[in-house]
Amino acid sequence: MANLTTLGQFIIERQADFPYAKGELSRLLRDIGIAAKVVNREINKAGLADILGEVGTTNVQGETQKVLDVYANEQFIAALSAGGECALVVSEENEEIVILNKDVSKNAKYAVAIDPLDGSSNIDVNVAVGTTFSIFRRLSKEGEANINDILQKGTEQVAAGYIVYGSSTMLVYTTGCGVNGFTLDPSIGEFCLSHPDMKIPRTGHIYSVNEGNYVHFPEGVKKYIKYCQVEDESTNRPYTSRYIGSMVADLHRNLIKGGVYIYPTTAAAPKGKLRLVYECNPLAFIIEQAGGRATNGYQRILEIDVKEIHQRESIFIGSTDMVLKAEEFMAEYS
Ligand code: AHG
Ligand code: MN
Ligand code: MN
Ligand code: MN
0 MANLTTLGQF IIERQADFPY AKGELSRLLR DIGIAAKVVN REINKAGLAD
50 ILGEVGTTNV QGETQKVLDV YANEQFIAAL SAGGECALVV SEENEEIVIL
100 NKDVSKNAKY AVAIDPLDGS SNIDVNVAVG TTFSIFRRLS KEGEANINDI
150 LQKGTEQVAA GYIVYGSSTM LVYTTGCGVN GFTLDPSIGE FCLSHPDMKI
200 PRTGHIYSVN EGNYVHFPEG VKKYIKYCQV EDESTNRPYT SRYIGSMVAD
250 LHRNLIKGGV YIYPTTAAAP KGKLRLVYEC NPLAFIIEQA GGRATNGYQR
300 ILEIDVKEIH QRESIFIGST DMVLKAEEFM AEYS
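In numbering that gives the first Met the number 0, the protein residues as written are 0 to 333.
And the structure:
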């Protein structure tokens, strides 16, 4: 057990990274870590407990809600409410914003966007799923929080991260001073620093895209996929195709090994499928902080105007050189 740094210790040690925060952001991150452990516990026994399958409701995206989508949503919101630092939550599973900690004496300063359970289609088949979160300081200084507190560009995030519930469970986060990863040690129930100062390789040989939608992709994406498949020794092509269908897990693998993840526009999703506020922005912040790149094929994700809480966007994210190459094809053909 020598030299183990827990998430709690690390957050306190790094308090100096955000001196204005006076401990509130640290407590908020701690609250997210607590909810992650509770959700992890349920996911780990999903096949035993009666928590697989669908609830029978749909969310605002028209997606069928799984029992664990709803459970994870409740757990994260409960932890953010109890912690007292969060004034407003946007969640994939709630059509409207959720106002928390209305008691002004609590002076909650933060707004949080979450995808409580990413990769819903993988829950029932024991494949890795995730959570993403994005944290902003409220714009409104007093009174009840309002929607403008969360409709901020990704560049304004003060922290963001993800949890991947995989063969082990990891929490990866950034406060804008690099990226650090923590692995849950189930024997002591703590996230412990396992991946300090994570950096994504400048290039890689993995491309991750749902090729079943190929016929509906923009011409630039079609041409880029063909480029990935062409034999060329100098660039280590053909690349390897890897697609889990849980964006967090796909991103986590590509962050460690190098690679590009693309979810472009399709016929079913003419503006892209993934949600800017709680999927694209937090992951773009992480990947940029790890030295990678995240765009919609033309524009940096973090600079896109946020108009609606459930707004969708295309995403090209991962190793800088691979994203740049895909952008070249977009510029030429789309
Ligand atoms: P969610 O499960 O939170 O609704 O997100 C689903 C997203 C993302 O996790 C995944 O990468 C992508 O949808 C998969 O979409 P396809 O099945 O269309 O490839
Ligand atoms: Mn969903
Ligand atoms: Mn998702
Ligand atoms: Mn989800």
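By construction, the Cβ of each residue, glycine as well, lies at the ideal position given by its N, Cα and C atoms.
Quantities reported herein were computed from a predicted structural model and do not represent experimental measurements.
#1: For Tyr297, which residues in the same chain have their Cβ closer than 8 Å to its Cβ, ignoring the five residues on either side in sequence?
#2: By the 10 Å Cβ neighbour count, where 16 or more other Cβ atoms means buried, how is Glu312 classified, buried or exposed?
#3: To the nearest angstrom, how far is it from the Cα of His215 to the Cα of Ile314?
#4: Given 8 Å as the limit, tell me if Leu275 has its C-beta closer than that to any heavy atom belonging to ligand 4.
#5: Just to confirm, does Asp16 get its C-beta within under 8 Å of one of the non-hydrogen atoms of ligand 2?
#6: Reducing DSSP to helix, strand and coil, say where Glu141 ends up.
#7: How long is the line joining the alpha carbons of Ile286 and Val276, rounded to whole angstroms?
#8: Is the separation between the beta-carbon of Glu41 and that of Lys101 shorter than 9 Å?
#9: Straight-line CA distance for Asp117 to Gly244?
#10: May I have the straight-line CA-CA distance separating Pro195 from Asn179, to the nearest angstrom?
#11: Taking DSSP's pairing of strands, which residues face Thr182 in a bridge?
#12: Closest to Leu183 by CA distance: which of Gly175, Gly177, Cys176 and Thr168 is it?
#13: My output table needs one value for Gly55: the three-state DSSP class, helix, strand or coil.
#14: Which complete alpha helix (DSSP H) runs does the stretch 8-42 hold, if anything under 4 residues is left out?
#15: Give me, in chain order, the residues of the same chain whose beta-carbon lies closer than 7 Å to that of Leu28; leave out the 5 immediate sequence neighbours on both sides.
#16: DSSP on Phe75, reduced to helix/strand/coil?
#17: In whole angstroms, what is the alpha-carbon distance linking His251 and Ala71?
#18: I need the DSSP call for Pro223, collapsed to helix, strand or coil.
#19: Provide the residue(s) that pair with Ala159 in DSSP beta bridges, ordered along the chain.
#20: Around ligand 4, what residues have a beta-carbon under 5 Å from a heavy atom of it, in chain order?
#21: Give me the Cα-Cα distance between Ala77 and Ile31, rounded to the nearest whole angstrom.
#22: Who are Ala293's beta bridge partners in DSSP?
#23: Ends of the alpha helix (DSSP H) at Gln416?
#24: Does the separation of the CB atoms of Ile149 and Thr130 fall below 9 Å?
#25: Hey, Met321 and Gly258 are a contact pair by Cβ (cut 8 Å); roughly how many whole angstroms apart?
#26: Hey, is Glu210's beta-carbon within less than 9 Å of any beta-carbon in chain B?
#27: From what residue to what residue does the beta strand (DSSP E) around Leu116 run?
#28: Measuring CA to CA, which of Leu24, Ser333 and Leu67 is closest to Lys222?
#29: Is the stretch 200-217 touching the stretch 89-99, taking contact as three or more C-beta pairs under 8 Å?
#30: In angstroms with no decimal places, state the Cα-to-Cα distance between Tyr164 and Asp231.
The answer reads as follows:
#1: The residues are Glu326, Met329 and Ala330.
#2: With 16 or more Cβ atoms within 10 Å of its Cβ, Glu312 is classed as buried.
#3: Taking the straight line from one Cα to the other gives about 15 Å.
#4: No, ligand 4 has no heavy atom inside 8 Å of this Cβ.
#5: For ligand 2, not one heavy atom lies less than 8 Å from the Cβ of Asp16.
#6: DSSP places Glu141 outside both helix and strand once states are collapsed to three, so it counts as coil.
#7: Distance from the CA of Ile286 to the CA of Val276, rounded to the nearest whole angstrom, comes to 15 Å.
#8: Contact flag unset, no.
#9: Between Asp117 and Gly244, the C-alpha separation is close to 9 Å.
#10: Looking at the two C-alpha atoms, the distance is approximately 5 Å.
#11: Within the DSSP secondary-structure output, Thr182 pairs in a beta bridge with Met169 and Cys191.
#12: The candidate whose alpha carbon is nearest that of Leu183 is Thr168.
#13: Strand.
#14: With a minimum length of 4 residues, no continuous alpha helix (DSSP H) run stays inside the stretch 8-42.
#15: The answer, listed in chain order, is Ile10, Ala158 and Tyr172.
#16: Here Phe75 sits in helix by DSSP.
#17: Their Cα atoms are separated by approximately 20 Å.
#18: As written in the sequence, residue 223 is Tyr, which differs from the Pro given in the question. Residue state, collapsed to three classes: helix.
#19: For Ala159, which the question treats as bridged, DSSP gives the partners Ser133 and Thr173.
#20: That gives Glu91, Asp114, Leu116 and Asp117.
#21: C-alpha separation (whole angstroms): 10 Å.
#22: Per DSSP, Ile316.
#23: Because the chain spans 0 through 333 in this model, residue 416 falls outside it and cannot be assessed.
#24: Not in contact: Ile149 and Thr130 (Cβ atoms no closer than 9 Å).
#25: The distance from the Cβ of Met321 to that of Gly258 is about 7 Å, consistent with a contact at the 8 Å cut-off.
#26: This model lacks chain B altogether; it includes just one protein chain.
#27: Start and end: Tyr109 to Asp117.
#28: Of Leu24, Ser333 and Leu67, the residue nearest in Cα terms is Ser333.
#29: No contact exists between the stretch 200-217 and the stretch 89-99.
#30: For Tyr164 and Asp231, the distance between alpha carbons rounds to 36 Å.
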